[in-house]
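Student: The opening position of the sequence shown corresponds to residue 0 in numbering that gives the first Met the number 0, with each subsequent residue numbered one higher. The beta-carbon is built from N, C-alpha and C at its ideal position, and this holds for glycine as well. Since the model is a prediction, treat every value here as computed from it, not as a measurement.
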Amino acid sequence: MKFTKSLLALAVCSSLAGHIFAADLSITEDQKKAEKPAAEQNKKAPSEEAEFVLQLQTALQQGSLENAIALFDSMPDSLSSNADLQKLRASLLISAKKTAEAQKVIAELEQKNSSDIEIKELKIMLAKASNNSAAKSAALKELLDLDPNNASANIELGQEKVLKKKYKEARGYYMTALKNDPNNQDALFGYGQTSYYMNKIEDAKKAFNKILSLDPNSAIAYAYIGKLYAEDENYKLAEENILKAIQLDPNAYDYYMDLGTYSRFRGKFKQAEGAWSRAIQINPDYFLAYAYRAGLYDEQNMYGKALNDYRMVIKTNPKYFYAYESLGILAWHEGNYAEARASFEKAFSYYPQNISYPLIIAACMYKDKRAFEVKPFLQKVMKNYGDHESLEYLMLRLYHDLGPSNAENLITQKIIKEDNTTKKGKMSFYMALYDEIKGREELAKKMYNEIAALQSPMFFEFRLAEWKIK
């Protein structure tokens with residue numbers, strides 16, 4: 000949404016050039032009437048100032064910020080005191096991260112005119128470039144004392160609040176900025192974005208549509224309009240708008256993430272896969288597209304591809320704990336009990352209170368022919384488990400001891416009496432898995448069938464039970 004500083008300098012330069020040429024080449028109506036054909040050859044030449052700005056424009060358009068800055072060292076003496084040019088110089092120096100030189104130019108400008116709004120705005124830019132929050136706060140205060148509704152200052156304050164997720168306060172600052180500058184696209188974007196976060200959908204739509212009326216090529220505006228349609232579950236229009244955004248900015252990771260989401264909701268799985276695959280091409284080191292595509296593959300029973308994507312999720316973001324359970328489930332499906340165990344162990348480290356994890360880890364040890372590791376592991380788990388009469392503790396003890404029969408019978412009776420459907424389903428699964436580990440295949444299969452017949456299961460073990468009976 001925002002210009003980079005160098006692009007901003009080029010825009011300022013272009014604006015300044017246009018202003019100067021308009022002043023230099025303007026003529027009155029009386030002069031027009033008095034013109035004669037011969038006078039066409041004597042049109043007023045661009046001024047020294049205009050020529051200098053043209054040189055700056057050329058240097059910037061060629062991508063040479065250093066050359067543009069160097070022009071100021073050889074500028075005519077008659078232009079050295081030109082405040083507008085010195086402001087531009089300060090802006091270019093900030094863009095080039097030459098903050099000490101920029102500071103000197105801004106200080107000289109401020110000494111000559113301490114109430115110049117643009118100089119205060121430059122001080123804010125300098126403070127941000129220097130990562131000096133105290134200086135930025137002081138500069139903002141100076142600017143707001145001069146102009147309480149200043150758009151730049153209020154936008155900056157709004158952005159600070161957005162970073163703190165204080166969207167109501169941020170929205171207030173953007174509204175103030177718009178009072179002063181109704182067509183400011185940064186303020187409109189901030190107002191639209193915070194309105195979206197606060198679920199004020201109509202206000203957000205007005206803001207982003209106004210941006211498009213000012214700039215029909217605003218990709219980010221189309222992207223947010225797509226999000227707004229998605230809020231209403233109108234994924235067709237959401238898709239149409241995000242495709243417009245992608246056409247304008249074909250290398251934006253987030254746009255392909257949104258396209259994949261809208262396509263998936265429309266049942267266009269191939270397009271969703273393509274969108275997330277494109278996002279991965281754009282940034283192969285970020286985890287989110289892998290996670291989304293893994294879920295899509297999993298939904299289509301493409302377990303091998305899903306497993307590979309979850310592996311990439313873990314590789315690119317080891318702290319994304321949601322992926323460990325999914326990775327463990329799919330590794331279990333593939334019979335890779337060592338990988339399943341490692342994944343569930345990681346999930347257990349994030350959620351030690353989840354009884355499923357130590358039980359499935361113990362089962363992985365048995366399946367992977369590492370039964371000798373079960374007792375030491377479960378002893379540590381049971382040591383920290385409070386209620387020794389609970390069904391969960393008794394199941395841990397059963398996996399630890401692999402018996403005896405009276406413990407099996409007690410657990411079976413407790414499962415029958417259990418009222419909580421999720422808990423009942425989970426414990427039934429681990430009882431069935433226990434029977435399988437003990438070699439009682441028919442008994443295990445019967446219980447797996449009972450689990451698979453449950454309605455609206457809310458535990459991952461349900462999938463493992465389903466796979467057993469297919």
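#1: State yes or no: is the C-beta of K425 within less than 8 Å of the C-beta of H399?
#2: Please confirm whether I245 and Y254 have their CB atoms less than 8 Å apart.
#3: Take the Cβ of L142 as the centre, count every other Cβ of all protein chains shown within 10 Å, and call the residue buried at 16 or more, exposed below.
#4: Do K160 and Y172 count as a contact pair if the criterion is CB distance below 8 Å?
#5: Which residue comes first and which comes last in the alpha helix (DSSP H) that contains G405?
#6: Suppose contacts are defined by Cβ-Cβ distances below 8 Å. Is Y323 in contact with D308 by that definition?
#7: Starting from H332, trace the alpha helix (DSSP H) both ways and give me its first and last residue.
#8: For Q85, count neighbouring C-beta atoms within 10 Å of its own C-beta (all shown protein chains included) and say buried if the count is 16 or more, exposed if not.
#9: Among P403, Y356, S404, whose alpha-carbon lies nearest the alpha-carbon of M381?
#10: Measure the C-alpha to C-alpha separation of S194 and D231 and round it to an integer number of angstroms.
#11: For S262, which residues in the same chain have their Cβ closer than 7 Å to its Cβ, ignoring the five residues on either side in sequence?
#12: Do you know offhand how far A21's Cα is from E48's?
#13: By the DSSP assignment, the alpha helix (DSSP H) with H399 in it spans what residues?
#14: Tell me, to the nearest whole angstrom, how far the beta carbon of K366 is from that of Y336; I am working on the premise that it is less than 8 Å.
#15: Taking Cβ to Cβ, would you say L258 is nearer than 8 Å to N216?
#16: Quick one: grab the DSSP three-state call for N148.
#17: Where does Q158 sit, in a helix, a strand or coil, going by DSSP?
#18: Provide the residue span of the alpha helix (DSSP H) that contains R340, from first to last.
#19: Terminal residues of the continuous alpha helix (DSSP H) containing S194?
#20: In chain order, what residues of the same chain have a beta carbon less than 6 Å from the beta carbon of L306, not counting five sequence neighbours either side?
#21: What does the alpha-carbon distance come out to for the pair K345 and S404?
#22: Taking L125 as the reference, which of I116, Q60, K135 has the closest Cα?
#23: Tell me which residue opens and which closes the alpha helix (DSSP H) that K425 is part of.
#24: Hey, out of F343, R369, Y349, K368, whose CA is closest to L358's CA?
#25: Identify which residue in L397, D72, S348 has its Cα closest to the Cα of Y433.
#26: Could you give the distance in angstroms between the alpha-carbon of L485 and the alpha-carbon of A137?
#27: In chain order, what residues of the same chain have a beta carbon less than 7 Å from the beta carbon of L78, not counting five sequence neighbours either side?
#28: Is it true that the CB of Y166 sits closer than 8 Å to the CB of Y196?
#29: Helix, strand or coil for G303 per DSSP?
#30: Using the beta-carbon count (16 or more within 10 Å), is A203 buried or exposed?
#31: Would N148 and N179 be called neighbours here (beta carbons separated by less than 8 Å)?
#32: Inspect the beta-carbon positions of L490 and I118 and report whether they are closer than 8 Å.
#33: I'd like to check one pair, I281 with Y289: are the Cβ atoms closer than 8 Å?
#34: Use the C-beta contact count for P317: other C-beta atoms within 10 angstroms, 16 or more gives buried, fewer gives exposed.
#35: With distance defined between alpha-carbon atoms, name the residue in Q192, N130, P181 nearest to Q158.
#36: Quick one: Cα of D185 to Cα of I154, how far?
Tutor: Reading from the atomic positions:
#1: The sequence position of residue 425 within the sequence shown is 426, counting from 1. The sequence position of residue 399 within the sequence shown is 400, counting from 1. The answer is no: Cβ separation not under 8 Å.
#2: Looking up residue 245 in the sequence shown gives position 246. Looking up residue 254 in the sequence shown gives position 255. The answer is yes: Cβ separation under 8 Å.
#3: As a first step, residue 142 must be located in the sequence shown, where it is residue number 143. By the neighbour-count rule (16 or more Cβ atoms within 10 Å), L142 is buried.
#4: Numbered from 1 along the sequence shown, position 173 holds the residue referred to as residue 172. Numbered from 1 along the sequence shown, position 161 holds the residue referred to as residue 160. In this structure, Y172 places its C-beta atom within 8 Å of the C-beta atom of K160.
#5: Along the sequence shown, one-based indexing puts residue 405 at 406. Before going further, note that residue 405 is Asn rather than Gly in the sequence given. 404-416 is the span of the alpha helix (DSSP H), which, as asked, contains N405.
#6: Against the sequence shown, residue 323 aligns to sequence position 324. Against the sequence shown, residue 308 aligns to sequence position 309. Cβ distance not < 8 Å, so Y323 and D308 don't count as in contact.
#7: As a first step, residue 332 must be located in the sequence shown, where it is residue number 333. Boundaries of the alpha helix (DSSP H) around H332: 321-332.
#8: The residue given as residue 85 occupies position 86 in the sequence shown. With a threshold of 16 other beta carbon atoms within 10 Å, Q85 meets it and is buried.
#9: As a working note, residue 381 is residue 382 in the sequence shown. Among P403, Y356, S404, the Cα nearest to that of M381 is on Y356.
#10: In the sequence shown, the residue the question calls residue 194 occupies position 195. In the sequence shown, the residue the question calls residue 231 occupies position 232. Going by the C-alpha atoms only, they are around 15 Å apart.
#11: Start at 1 with the first residue of the sequence shown, and residue 262 comes out as number 263. The answer, listed in chain order, is E238, Q270, A271, A274.
#12: Within the sequence shown, numbered from 1, the residue matching residue 21 stands at position 22. Within the sequence shown, numbered from 1, the residue matching residue 48 stands at position 49. Reliability of the predicted coordinates at A21 is poor, the pLDDT of 37 falling under 50, and no value is obtained from them.
#13: Numbered from its first residue, the sequence shown carries residue 399 at position 400. From DSSP, the alpha helix (DSSP H) with H399 extends over 390-400.
#14: For the purposes of this step, residue 366 is taken as residue 367 along the sequence shown, with counting starting at 1. For the purposes of this step, residue 336 is taken as residue 337 along the sequence shown, with counting starting at 1. About 4 Å; that satisfies the 8 Å criterion.
#15: Reading the sequence shown from its first residue, position 259 is the one you call residue 258. Reading the sequence shown from its first residue, position 217 is the one you call residue 216. Not in contact: L258 and N216 (Cβ atoms no closer than 8 Å).
#16: One-based indexing of the sequence shown puts residue 148 at position 149. The answer is coil: DSSP assigns N148 none of H, G, I, E or B.
#17: Taking the first residue of the sequence shown as 1, we reach residue 158 at position 159. Helix at Q158.
#18: Here residue 340 corresponds to residue number 341 of the sequence shown, with the count starting at 1. Annotation for R340: the continuous alpha helix (DSSP H) segment containing it runs 336-349.
#19: As a working note, residue 194 is residue 195 in the sequence shown. Here the alpha helix (DSSP H) through S194 covers 184-196.
#20: Taking the first residue of the sequence shown as position 1, residue 306 is located at position 307. Excluding sequence neighbours, L306 sits near L329.
#21: Residue mapping note: residue 345 aligns to position 346 of the sequence shown, counting from 1. Residue mapping note: residue 404 aligns to position 405 of the sequence shown, counting from 1. Rounded to whole angstroms, K345 to S404 spans 32 Å at the Cα level.
#22: Sequence index remark: in the sequence shown, residue 125 carries index 126 (1-based). Ranked by Cα distance from L125, the options I116, Q60, K135 are led by K135.
#23: In the sequence shown, the residue the question calls residue 425 occupies position 426. 420-436 is the extent of the alpha helix (DSSP H) around K425.
#24: Here residue 358 refers to the residue found at position 359 when the sequence shown is read from its first residue. Minimum Cα distance to L358 is reached at F343.
#25: The residue you call residue 433 lines up with position 434 of the sequence shown. With distances taken between Cα atoms, Y433 lies closest to L397.
#26: Nothing about residue 485 can be read from this structure; the chain reaches only from 0 to 469.
#27: Here residue 78 is taken as the residue at index 79 of the sequence shown, counted from 1. Excluding the 5 residues flanking it on each side, L78 has same chain C-beta neighbours closer than 7 Å at E47, E48, F51, L84, in chain order.
#28: Translated into positions along the sequence shown, residue 196 becomes position 197. Translated into positions along the sequence shown, residue 166 becomes position 167. For Y196 and Y166, yes; Cβs fall inside 8 Å.
#29: By one-based count along the sequence shown, residue 303 stands at place 304. Correct three-state label for G303: helix.
#30: The count along the sequence shown starts at 1 and reaches residue 203 at position 204. Looking at its Cβ environment, which holds 16 or more other Cβ atoms inside 10 Å, A203 is buried.
#31: Within the sequence shown, numbered from 1, the residue matching residue 148 stands at position 149. Within the sequence shown, numbered from 1, the residue matching residue 179 stands at position 180. Contact annotation: N148 and N179 have beta-carbon atoms nearer than 8 Å.
#32: Because residue 490 is not part of the residues shown, which for the chain are 0 to 469, the question remains open.
#33: For this step, residue 289 is matched to residue 290 along the sequence shown. For this step, residue 281 is matched to residue 282 along the sequence shown. A distance of 8 Å or more separates the beta carbons of Y289 and I281.
#34: Residue numbering aside, residue 317 sits at position 318 when the sequence shown is read from its first letter. Result: exposed.
#35: In the sequence shown, the residue the question calls residue 158 occupies position 159. Q158 has its Cα closest to that of Q192, out of Q192, N130, P181.
#36: Taking the first residue of the sequence shown as position 1, residue 185 is located at position 186. Taking the first residue of the sequence shown as position 1, residue 154 is located at position 155. Spanning the two alpha carbons is a distance of roughly 7 Å.
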